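Numbering (my numbering), first residue to last: 103 to 478. To start, the structure itself, in C-alpha cells.
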Amino acid sequence: MNAPVITIPQANPGAGYRALQAEIDAAVARALASGWYILGGEGRAFEGEYAAWLGTARAVGCANGTDALALALRALGIGPGSAVATVSHTAVATVAAIEMVGATPVLIDIDPAHYTMDPVELAAVLDRPPAGLPPIRAVIPVHLYGQAADLAPIMAACTAHGVAVIEDCSQAHGATLDGRKLGTFTEISCFSLYPTKNLGALGDGGVVATHDDALATRVAALRQYGWHTHYISDEVGVNSRLDEIQAAVLRVKLAHLDAQNARRQAIAAAYDYALMGGALKPPARRAGAAHVFHQYVLRAADRTGLQARLRAEGIGTGIHYPMPVHLQPAYRGRVAMGPARCAQTERASAEVLSLPMFPELTDEQVAQVCAALRRL
Ligand SMILES: *Cc1c(COP(=O)(O)O)cnc(C)c1O
C-alpha cells in the first residue's frame, strides 16, 4: 500500500510567502536596487520597528536565533568558567549557544503541564548546584510552543542569587504574560526568525532585544568583529549579521504578525472545541498568559498510533522534540542536570505531537483536522 498523501502539512513557510507575495517581492526588489546588502537602511528600520512593536529600547538583528543567544550571553560577560541553566526540552540551539560561548549548560526539568522550566527545581539547583559545576551566572527559560515559561518564580530565584535571565522567545513572538510581551521581562532576550517561526524570514535571522542601550551597543559590536568603530576591533567578535534582503522581508511580515497570531489562536480554539469530551486534552494555558501557538501540541501515550491515524486522513504532524538534548548523541552522558534528571522531559518527548499550525491554513483545512480529531 502506498503511504497516504499529506494534504494538510504541519507547517508551510511557502504559504506564508505566497500570502504576502506582492508586498514581499516589492520589498526584496527595493533591497536589491538599493545597492547596499549588509547592515543598511532596511536592517536599521527593521530593528527600530521590532523594538517599537516589542516595547524595548533596542533590537539588534543577527544571523539566527542560536547566535542571538550566544551574543546575549557574551554581552553579559558569560563564557568559560560560567554555567548557564536551561531546559532539555527545547530546540538543541538553546544548549548549543551556551557551549558556543564556552559556558557549561545545566539542564532543568519541565513542568509537564506547560512543558516549560520547572521553577521549583531551578530554585533548588541555584541553592545547591550540582558538584563540579562552575558558578551559575545565567538562566535561559524557553517560552516553548508559543506560551510563557513560569517567569515570576524563575526571576525571583534568579534575583535572589544575582543570576541573569535571558528569555528565549524564539517560539513566542507576540505572546504575553499578565498583559506584557515576552521578551520585555528581562534585561535581554532573544528571538529566532527561522522561516517557520511566528515571525519568520525567508532564510535565517535572529534578534537580540534589550531595554539597555549600552548592552545593545555591545551586541551590535560583537555581531561584527567587535567593531565599535569601523575596521577597529575593540574586542573579539564574530560575524553574525542580518542581511538587507531578510530585513526587508521581515518588515513586511512584522506588519502582519499580530493578525497572524490571532489566526493561530482561532485555529487553536477550533482544535480545542473539536477535542471536547474526547480522550486527548487540549494544551494547558498558563493563567495570565496569551499563547501564540507556534505549535499546538497534544500528548498521547500511543503517539505513533495517533500520528498514523492522522496521516491516514492526509494530516501532517510533527514532533517537537523527539529526543531531549541530554539524550542526543553529541550531549549524552556529559551534560549536567538537576536532581529530577529530566524525568518529565523524557516522558514528554515520547508523547508530544504537534498538529498542523500556520496562519494560512484555510477554514476548510481546519474543519478537516477538527473532523479527524472528533473521530479519534
Ligand atoms: C528555533 C529556535 C532556536 C534557534 O534558532 P535558529 O534561528 O534556528 O538558530 C532557539 N531556541 C528555540 C526555542 C527555538 O525554537
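Backbone N, C-alpha and C define an ideal beta-carbon position, used for all residues, glycine too. Please read all numbers here as calculations on a predicted model, not as lab measurements.
- By a beta-carbon distance limit of 8 Å, Arg-413 contacts Pro-106. Their separation comes to about 6 Å.
- Taken in chain order, the complete beta strand (DSSP E) segments of 3 or more residues contained in the segment 132-168 are 160-164.
- By a beta-carbon distance limit of 8 Å, Met-439 does not contact His-422. Their separation comes to about 20 Å.
- Under the three-state reduction of DSSP output, Cys-292 falls in the strand class.
- Within 10 angstroms of the beta-carbon of Asn-341 lie fewer than 16 other beta-carbons, which makes it exposed.
- Under the DSSP assignment, Ser-456 falls in the beta strand (DSSP E) whose first and last residues are 454-456.
- Pro-207 is bridged by DSSP to Val-186.
- Bridge pairing for Gln-326: Asn-341 [DSSP].
- In the DSSP assignment, Met-219 forms a beta bridge with Ile-212.
- Remark: the C-beta of Thr-447 is outside contact range of ligand 1, defined as less than 8 Å to any heavy atom.
- In summary, Gly-157 is exposed, with fewer than 16 beta-carbon neighbours lying within 10 Å of its beta-carbon over all protein chains present.
- Excluding the 5 residues flanking it on each side, Val-203 has same chain C-beta neighbours closer than 6 Å at Ala-172, Leu-175, Arg-176, Gly-181, in chain order.
- Contact annotation: Pro-461 and Ala-129 have beta-carbon atoms that are not nearer than 9 Å.
- Residue burial is scored here from C-beta neighbours: Gly-390 has fewer than 16 other C-beta atoms within 10 angstroms and is therefore classed as exposed.
- Counted as a single uninterrupted DSSP element, the stretch harbouring Ile-369 is not any beta strand (DSSP E) but the alpha helix (DSSP H) occupying residues 346-377.
- DSSP places Ile-268 in the uninterrupted beta strand (DSSP E) bounded by 266-270.
- In this chain, the beta strand (DSSP E) harbouring Ala-240 covers 238-241.
- The way I'd put it, the segment 372-383 does touch the segment 463-473; three or more beta-carbon pairs between them come closer than 8 Å.
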